[in-house]
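In the working numbering, the protein residues as written are 10 to 159.
Cβ coordinates follow ideal geometry from the N, Cα and C atoms, glycine included.
Reviewing the structure listed below.
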């Protein structure tokens, strides 16, 4: 198989998995899928208390994904870089929702990866679905008045 065909298969599989996650997330306890289509841009979810509160009140970036998802794998080195280089200015957390689905439920995500930007007080400022570059992440924090530059 050529590399293009392999890549297409991986992208289609990721799309199918994301679709399954969306359907599962939209199911009510009674089971049926709601008929209303959600807006294209999700409304901000209510603030979510951190699973383990950091020692100092820092803004947080929570990335919900999976270790086998291609865009999530692309995010991993970015998240690790932010986590180590901004340790005293930003808390970075990764939640693998395939290995630990319960940990992701409070965030009410629709697909992975999803990055959630939380203020130091826990308020959700912004969420993004899909791959998000380091430059875009830093620019988004700057929009909120959080300058993470050294």
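Below 8 Å, too few C-beta pairs join the region 83-96 and the region 105-120 to call them touching: fewer than three. DSSP, reduced to helix, strand and coil, places residue 121 outside both helices and strands of the structure shown, so it counts as coil. Annotation: residue 97 is outside any alpha helix (DSSP H) and is labelled neither H nor E by DSSP. Cβ-Cβ distances below 7 Å link residue 67 to 98, 99, 100, 129 in the same chain, with the five nearest sequence neighbours on each side left out; the list follows chain order. The criterion of a C-beta distance shorter than 7 Å is not satisfied by residue 70 and residue 123. For residue 113, no beta strand (DSSP E) run applies; the uninterrupted alpha helix (DSSP H) run containing it begins and ends at 110-113, by DSSP. When the alpha-carbon of residue 137 is set against those of 14, 157, 84, 131, the nearest one is in 84. For residue 145, the enclosing alpha helix (DSSP H) begins and ends at 143-152.
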